[in-house]
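Notes to accompany the following structure.
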Amino acid sequence: MCVFLPGKGKARGKEFRCACSLMHKPISIRSGVNPGDVLAVGGLCLVAAGISWSNFLVSNGVILMGLSVPLARTHDPGGRLISTVWRKDLSTLLEDPLLQAFWLCFFSMLASGLWSENLKDWVWFSQMQLPFLLAPLVFSGRQIVLTRWLGPALYIFLGAALATSLWVLYDFALHSQEYLHGLLKGKPIVTHISHIRYSMVIALATLLCLHAVVQKIPLPLRHGPTLAAVLGLYFFGFTHLLSAKTGLLTLYGGIFLYGLLVVRKPGARTRMLRIAAVLLVAAVALAMLLPSLQNKFFYTIWQVGEYLRGKWLNYSDIERWVSIRLGLEMIRQEPLLGSGIGDLYTSTAQVYQECLASEFYKLPHNQFVFTWAFTGLFGLGSLMAAIWHSAGSRNWWSLPVLPAVQCVLLGSFMVEYTLGTQIGCTLYVFATLLSWLYVRNN
0 MCVFLPGKGK ARGKEFRCAC SLMHKPISIR SGVNPGDVLA VGGLCLVAAG ISWSNFLVSN
60 GVILMGLSVP LARTHDPGGR LISTVWRKDL STLLEDPLLQ AFWLCFFSML ASGLWSENLK
120 DWVWFSQMQL PFLLAPLVFS GRQIVLTRWL GPALYIFLGA ALATSLWVLY DFALHSQEYL
180 HGLLKGKPIV THISHIRYSM VIALATLLCL HAVVQKIPLP LRHGPTLAAV LGLYFFGFTH
240 LLSAKTGLLT LYGGIFLYGL LVVRKPGART RMLRIAAVLL VAAVALAMLL PSLQNKFFYT
300 IWQVGEYLRG KWLNYSDIER WVSIRLGLEM IRQEPLLGSG IGDLYTSTAQ VYQECLASEF
360 YKLPHNQFVF TWAFTGLFGL GSLMAAIWHS AGSRNWWSLP VLPAVQCVLL GSFMVEYTLG
420 TQIGCTLYVF ATLLSWLYVR NN
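Have a look at this one:
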């Protein structure tokens, strides 16, 4: 099997190097193929391919990357299979504040099991948070090979997003009346994963295409810039078809932030203004022509009236706000340590029963409230440190697409417990670490 990587020539990415995987030979360091690098790259590609549709691929991608941790690096002396410089790798990780913060996020959640009664849920959530533990080890120890594969991984991500969107479009065409009627009742369009997480994936794909067009990034395809523009406009329209408010709001926030940062640069200012005009016209046209978007708008307005009449149950947006309010009540009861991640369901059910006399409950739909309520101040501080050393880093703001990506991720934190799901946790960790890798090597 051959994998094509951009070459160093000036032919706008049309020159490639062919990295053969030596399928007919046993993998060994002497044969020139590092087993740890193969596992790390394979895991990254699985995550990129599966993040838009498959928990199975994402899980196995993280596991593959985890298996690469104890294996030797390319630069290790002696040609051994097991790494002999793990102490150096660990010290390198502990010198980087973002990677430290990611580890603290994992261990703060893990430690909350000490005061959790339900160990089964504690183990379940610990498994979902493994990207916070394993990904920093892999990214810090294998920066060279992962940097080389950054571009191909993004192409795989965009290809998978396109393929899944075509499936959703086909399914929508077959059941359009059912979906349109369901949107009036707050029901989402069916996707392979959570429709909110999926809308975030499509929003990120839109931003990547926008960045490629504005910065005139050479793509390893014929008519690459035109394809990036068409694909970006397609993803932009598809996000509106999905009509997930989280995806739409974070997409517009990311585009607005990206535009503000780009217009300060004379070379890209004109292109950005032209693209902004096209997107504005497209947004108005989509609002006028898409029944799914109109139905979601009507449902949102109707919910406001129902809330003013004192109703909240079975109204998706109102249930979110109620969950946040009761999450703050849980924080008031256990402000220091939280209730423990293992007891998140029982604690939430208890506060709903106490405050609303309701057996129905939802976990707090705000990542900061969620983290504080169940892992305490230490968990919240770890999360804030991770945000500060990524989205708050001055170096990141010199590359407009990186703050825009963080805008999508952190915007979802306001109305979702993004890190409380496998896809959401992996999406945040990998998007942030790929950005970190890009900044570190540029």
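The letter at position 106 of the sequence shown is residue 105 when you use numbering that gives the first Met the number 0, and the numbering goes up by one with no holes.
Here a beta-carbon is modelled for each residue, glycine too, at the ideal position from N, C-alpha and C.
Quick caveat: nothing in here was measured; it's all calculated off a predicted structure.
Assuming the contact rule is C-beta atoms closer than 8 Å, residue i and residue j should be a hit. Round their C-beta distance to whole Å, please.
{"i": "residue 230", "j": "residue 161", "result": "7 Å"}
{"i": "residue 443", "j": "residue 388", "result": "It is not possible to answer for residue 443, since the shown part of the chain is limited to 0 through 441."}
{"i": "residue 133", "j": "residue 65", "result": "4 Å"}
{"i": "residue 417", "j": "residue 411", "result": "5 Å"}
{"i": "residue 279", "j": "residue 202", "result": "The Cβ separation is near 17 Å, so there is no contact."}
{"i": "residue 182", "j": "residue 291", "result": "6 Å"}
{"i": "residue 314", "j": "residue 185", "result": "7 Å"}
{"i": "residue 95", "j": "residue 67", "result": "Not quite, the Cβ-Cβ distance comes to about 19 Å (not below 8 Å), so this is no contact."}
{"i": "residue 34", "j": "residue 92", "result": "At roughly 21 Å, the Cβ-Cβ gap does not stay under 8 Å, so residue 34 and residue 92 are not in contact."}
{"i": "residue 98", "j": "residue 70", "result": "That belief does not hold up - the Cβ atoms of residue 98 and residue 70 are roughly 19 Å apart, past 8 Å."}
Kindly indicate the opening and closing residues of the alpha helix (DSSP H) around residue i.
{"i": "residue 148", "result": "No alpha helix (DSSP H) contains residue 148, which DSSP labels as neither H nor E."}
{"i": "residue 94", "result": "85-94"}
{"i": "residue 295", "result": "290-307"}
{"i": "residue 346", "result": "343-355"}
{"i": "residue 177", "result": "175-182"}
{"i": "residue 123", "result": "118-127"}
{"i": "residue 435", "result": "421-439"}
{"i": "residue 34", "result": "34-49"}
{"i": "residue 394", "result": "393-396"}
Looking only at C-alpha atoms, which of the options sits nearest to residue i?
{"i": "residue 112", "options": "293, 375 and 401", "result": "375"}
{"i": "residue 323", "options": "203, 365, 134 and 399", "result": "365"}
{"i": "residue 164", "options": "52, 62 and 176", "result": "52"}
{"i": "residue 326", "options": "399, 355 and 304", "result": "355"}
{"i": "residue 408", "options": "391, 297 and 430", "result": "430"}
{"i": "residue 127", "options": "440, 437, 423 and 436", "result": "423"}
{"i": "residue 45", "options": "224, 155 and 199", "result": "155"}
{"i": "residue 428", "options": "185, 294, 48 and 102", "result": "102"}
{"i": "residue 50", "options": "270, 200, 404 and 214", "result": "200"}
{"i": "residue 131", "options": "144, 145, 105 and 237", "result": "105"}
{"i": "residue 414", "options": "379, 363 and 277", "result": "363"}
{"i": "residue 87", "options": "226, 177, 72 and 269", "result": "72"}
{"i": "residue 43", "options": "433, 224, 91 and 228", "result": "433"}
{"i": "residue 528", "options": "317, 289 and 33", "result": "For the chain, the structure presents residues 0 to 441; residue 528 sits outside this window and is missing."}
{"i": "residue 440", "options": "146, 85, 39 and 115", "result": "146"}
{"i": "residue 367", "options": "359, 357, 379 and 360", "result": "379"}
{"i": "residue 248", "options": "32, 167, 272 and 195", "result": "195"}
{"i": "residue 460", "options": "267, 254 and 281", "result": "Residue coverage of the chain in this structure runs from 0 to 441, which leaves residue 460 outside it and unanswerable."}
According to DSSP, is residue i part of a helix, a strand, or is it coil?
{"i": "residue 188", "result": "coil"}
{"i": "residue 362", "result": "coil"}
{"i": "residue 327", "result": "helix"}
{"i": "residue 23", "result": "Here the model assigns residue 23 a pLDDT of 34, short of 50, so the residue's position is not dependable, and the following value carries that caveat. Coil at residue 23, not helix or strand."}
{"i": "residue 404", "result": "helix"}
{"i": "residue 81", "result": "strand"}
{"i": "residue 272", "result": "helix"}
{"i": "residue 240", "result": "helix"}
{"i": "residue 335", "result": "coil"}
{"i": "residue 109", "result": "helix"}
{"i": "residue 70", "result": "strand"}
{"i": "residue 209", "result": "helix"}
{"i": "residue 194", "result": "helix"}
{"i": "residue 214", "result": "coil"}
{"i": "residue 413", "result": "coil"}
{"i": "residue 164", "result": "helix"}
{"i": "residue 263", "result": "coil"}
{"i": "residue 311", "result": "coil"}
{"i": "residue 30", "result": "Caution applies to residue 30, whose pLDDT of 47 falls short of 50 and renders its modelled position unreliable; the value that the coordinates give is listed next. In the structure shown, residue 30 sits in coil (DSSP, three-state: anything other than H, G, I, E or B)."}
{"i": "residue 371", "result": "helix"}
{"i": "residue 249", "result": "helix"}
{"i": "residue 58", "result": "helix"}
{"i": "residue 10", "result": "Note that residue 10 scores a pLDDT of 40, beneath 50, so its modelled location is shaky; the value from the coordinates is reported in the next line. Residue 10 falls in the coil class under three-state DSSP."}
{"i": "residue 474", "result": "Because the chain spans 0 through 441 in this model, residue 474 falls outside it and cannot be assessed."}
{"i": "residue 322", "result": "helix"}
{"i": "residue 114", "result": "helix"}
{"i": "residue 52", "result": "coil"}
{"i": "residue 135", "result": "helix"}
{"i": "residue 399", "result": "coil"}
Quiz item: Is the segment 103-111 in contact with the segment 335-353, if contact means three or more CB pairs nearer than 8 Å?
Solution: The segment 103-111 is in contact with the segment 335-353.
Practice problem: State whether the segment 256-274 contacts the segment 308-317, with contact taken as three or more CB pairs (one from each stretch) at a distance under 8 Å. | Solution: The answer is no - the segment 308-317 does not touch the segment 256-274, with fewer than three Cβ pairs under 8 Å.
Quiz item: Three or more beta-carbon pairs under 8 Å between the segment 341-348 and the segment 389-406, yes or no?
Solution: Because the criterion of three Cβ pairs below 8 Å is not met, the segment 341-348 and the segment 389-406 do not touch.
Quiz item: Taking three-plus beta-carbon pairs below 8 Å as touching, is the segment 165-176 in contact with the segment 293-306?
Solution: The answer is no - the segment 293-306 does not touch the segment 165-176, with fewer than three Cβ pairs under 8 Å.
Exercise. Decide yes or no for the touch test of the segment 181-195 against the segment 239-246: beta carbon pairs closer than 8 Å, at least 3 of them.
Key: The segment 181-195 vs the segment 239-246: in contact.
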